[in-house]
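Note sheet for the following structure.
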Amino acid sequence: MNIYLVGYIPKFFFSRKHTNFWPWSYLSEIFRLLGYNAYHVNINKTDQSKPGLFICWNSPDTIELITRYKPHKDSIILQKLTSFDASPESRDKDWTSDPVKFFKEWHWPQYQKLDVLAKSGYRFYAFGAKTEIDSFPAKKKIVDKYKDRIFWIPWGTMTVPYRDIMKSIPITDSFKYDLAFIGSRWGSRYRGNISEWDTYLKPLINSAKNSYIAGRGTRKGPVSVNDHVEALKKSSLCPIIHAASWKVEKGIMDRFWTVFSVGRFGVTDNEGILDFYDEKEVVLALSAGEYIDKSLYYMRNPEMQKPYIEYALRLIKEKYNQYEVWKSILSKIFSE
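Going left to right, the sequence shown walks through residues 1 to 336 as this note's numbering numbers them.
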């Protein structure tokens, strides 16, 4: 059975790529490494006359996949879960100045799709970054209902190739930059990372003598995966910041996993990391002042980073990587 990671292929190779292009492309490589026939393609390039495993986010989502494209009846459907979907309602919403209250009252439309899938006649599953559930009533109701069909994953790096992860070692000297941050400056104050950028990251950039800042919304703009990885390896500090929605849900995004997967270090601003590591194994700071103070200390004393890099890398190599995560998920799906 072919595996299709559906959508986000631009019309032209050099066209601007959607953010979901990168995880879909990365996962297709991982699946092939695991021995599966896996393809990252737009929906019109899939063979719907034969059973397949279709992995969707929003272009199309699983409901559109079924109603519009009608895959073979024996196909398996897998929906990526996020707090917002692509509906007009989601596009027009932000999480306001009180994101905790907003998400407690939010009805989680992406999750509600599981009710539709349950009546579709298709075998279905869902997956998403491991996040807080109990604090959000509508989310909890759906998750409790379909807990046997949802895979919660450590989001893991979808930048660093698996083979490079397994060869990675801590890097604590011979740096070219004081600081490197590769990621978009995006959105608005209440739906994006502008507030965290200005509050957590900008003071560190201002304190660094030499920094490497790249990504959409920055002067340098997007860079290649190779340039991304090399910049991290050559930097004394690699800040890890999360937008408010990620912190409210306690979800750990790609940046944490990428930084440590290349043997580098950053202070973490999200207590969700304690779902994966003990307090003694990470440097966690939940206020801007504490985050800046700790970051500057470790930027100026990189030799003190080594035990934390070793802790993180050990578990990334053992289980917090896409190869191990999806080996387990796909084995379960195809054995049922």
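Even glycine gets a Cβ: it sits at the ideal position worked out from N, Cα and C.
As the structure is a computational prediction, the values presented were derived from the model and not from experiment.
Residue pairing of Thr62 in beta bridges, as defined by DSSP: absent, with no partner found. Residue pairing of Ala214 in beta bridges, as defined by DSSP: Ile182. Per the coordinates, the alpha-carbon of Leu315 lies some 19 Å from the alpha-carbon of Lys250.
Nearest to Phe102 by C-alpha distance, out of Ser135, Ala208, Asp293, is Ser135. Per DSSP, the continuous beta strand (DSSP E) segment holding Tyr39 begins and ends at 38-41.
Here Lys176 has Lys234 as same chain residues with Cβ atoms under 7 Å from its own Cβ, once five neighbours each way along the sequence are excluded.
Take Gln305, set aside five residues on each side of it, and the residues of its chain with a beta-carbon closer than 7 Å to its own are Thr172, Phe265, Tyr298, in chain order. The shortest C-alpha to C-alpha distance from Pro51 to any of Arg68, Ile76, Lys332, Asn42 is the one to Ile76.
The beta-carbon separation of Ile63 and Lys139, rounded to 18 Å, does not stay under the 8 Å limit for a contact. Rounded to whole angstroms, the gap between the alpha carbons of Ile165 and Asp227 is 16 Å.
At the C-beta level, Asp94 and Asn58 stay beyond 7 Å of one another. Apart from sequence neighbours up to five positions away, the residues of its chain that approach Pro302 with a beta-carbon distance below 6 Å are Thr172, Ser236, ordered along the chain. Per DSSP, Thr258 has no beta-bridge partner at all.
Here Lys80 is buried: its Cβ has 16 or more other Cβ atoms, across all protein chains shown, within 10 Å.
The beta carbon of Asp198 is closer than 8 Å to none in its chain, skipping five residues each way along the sequence. Listed in chain order, the alpha helix (DSSP H) runs fully inside the segment 106-184 are 109-118, 137-145, 162-167, counting runs of at least 4 residues. Exposed is the label assigned to His107, since fewer than 16 other Cβ atoms lie within 10 Å of its Cβ.
In this structure, Gln322 sits near Gly156, with a CB-CB distance shorter than 7 Å. Under a 10 Å Cβ-count criterion, Leu286 is classified as exposed, with fewer than 16 other Cβ atoms of the shown protein chains found around its own Cβ.
The C-alpha of Tyr8 is placed about 15 Å away from the C-alpha of Met158. Around the beta carbon of Ile169, fewer than 16 other beta carbons sit within 10 angstroms, so the residue counts as exposed.
Across the structure, Lys17 and Lys11 are spaced so that their CA atoms are roughly 10 Å apart.
Contact check for Pro154 against Phe276 passes: the beta carbons are separated by less than 7 Å. Under the three-state reduction of DSSP output, Ile241 falls in the coil class, being neither helix nor strand. For Asn2, the enclosing beta strand (DSSP E) begins and ends at 2-6. In the DSSP assignment, Gln48 falls outside any beta strand (DSSP E), carrying neither H nor E.
Between Ser97 and Tyr190, the beta carbon gap of about 7 Å places them in contact (Cβ cut-off 8 Å).
Look at Leu284 here: in three-state DSSP terms it is strand. Between Trp186 and Gly217, the C-beta spacing is below 7 Å.
Per the coordinates, the alpha-carbon of Pro222 lies some 11 Å from the alpha-carbon of Thr19. In the DSSP assignment, Lys80 falls within the beta strand (DSSP E) that extends over 76-80.
For Ser295, the CB contacts under 8 Å within the same chain, skipping 5 residues up- and downstream, are Leu204, Leu237, Pro239, Gly266, Val267, Ala285 in chain order.
The three-state secondary structure of Thr96, taken from DSSP, is coil.
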